[in-house]
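> Dropping a structure here in structure tokens format, bear with me for questions.
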Amino acid sequence: AGYGSEPNYEFIEDKFGVFDYLIPYNTMLKEETKRWRSDERKVMNWHYNAEDDYYIDPKNVRFNFKRYAYRHDTYGYKRNFKVYEAEKFDEDRKENPNALTKKGNVRKIYINPQWEYFKGKVKTNLSNTEKNKIYRRRKYEIEPIFGNLKAYLGFTRFTVRSKKKVNRQMGIALMALNMWKMSTSSSKISPNNKNKKKTIRIFQNFQKIRMVFFKDRDLCHSLLFYL
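Spelled out as structure tokens, the structure:
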């Protein structure tokens, strides 16, 4: 589900309730598109009556609250739902075909109130001008960082045990990665680059750092033990 998931939002609220999280959920941008907003299958495009707690879809089928339900995902996380069921008969007591599925069963929708609350809060936070500025400065996905650690440092696994030592080793890895970024961004290697020799020297020094921290595992263990 990514970082913007219900379990993550719940964890942040429970542990850091005073802070506003600026983490968009997966479908947030899609929900703003014309295609999504015109899709009659999306419940968010239906009319909702909060006072009597019912939905009306674009075919004028009313969905009344029926019961509560829950589901567990593959990780054991429990999600709570409100189940709404379509009115099978119209005002004339005739069966409404739009209220039935292709197999003849009464249509149902499952609404997750907590998830809807989190989504609404994220939208409110990111629509705020000041908070959106903060998000734009820190919105980069984290996957490329791990990719760079593997590709440029050869750092594919931790070589220490205990949370404390792993945190230290990760700090060294990120520090080395930042040094690599600084060396490559300060001057690019090209035929017309006046700092070509300087850049090569910086890159060679960086390779030495890589060898020390990530190739010599015994030394890496020693360094982390004393840090």
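Numbering (this note's numbering), first residue to last: 23 to 249.
The beta-carbon is built from N, C-alpha and C at its ideal position, and this holds for glycine as well.
Computed from a prediction, not measured in an experiment: that's the story for all the values here.
Please report how far the alpha carbon of residue 134 lies from the alpha carbon of residue 188, in whole angstroms.
Going by the C-alpha atoms only, they are around 37 Å apart.
> In this structure, does DSSP put residue 250 in helix, strand or coil?
Here the chain covers residues 23 to 249 and nothing more, so residue 250 does not appear.
> Going by DSSP, what residues sit across from residue 107 in a beta bridge?
Bridge partners of residue 107: 86 and 130.
> DSSP on residue 122, reduced to helix/strand/coil?
Residue 122: strand per DSSP, three-state reduction.
> May I ask you to list the residues that DSSP assigns as paired with residue 101?
Per DSSP, 93.
> By Cβ distance, which residues of its chain are closer than 6 Å to residue 69, with the 5 residues on each side in sequence left out?
Closer than 6 Å at the Cβ level, and outside the excluded window around residue 69, lie 78.
> Cβ atoms of residue 101 and residue 137: under 9 Å apart, would you say?
Closer than 9 Å, so yes.
> Spatial neighbours of residue 52 within its chain, please: CB distance less than 6 Å, with the 5 preceding and 5 following residues excluded, ordered by chain position.
Contacts found: 58.
> Taking Cβ positions, are residue 141 and residue 47 nearer each other than 9 Å?
A contact, by the Cβ cut-off of 9 Å.
> Label residue 41 either buried or exposed according to how many other C-beta atoms from any shown protein chain fall within 10 Å of its C-beta, with 16 as the threshold for buried.
Residue 41 comes out exposed.
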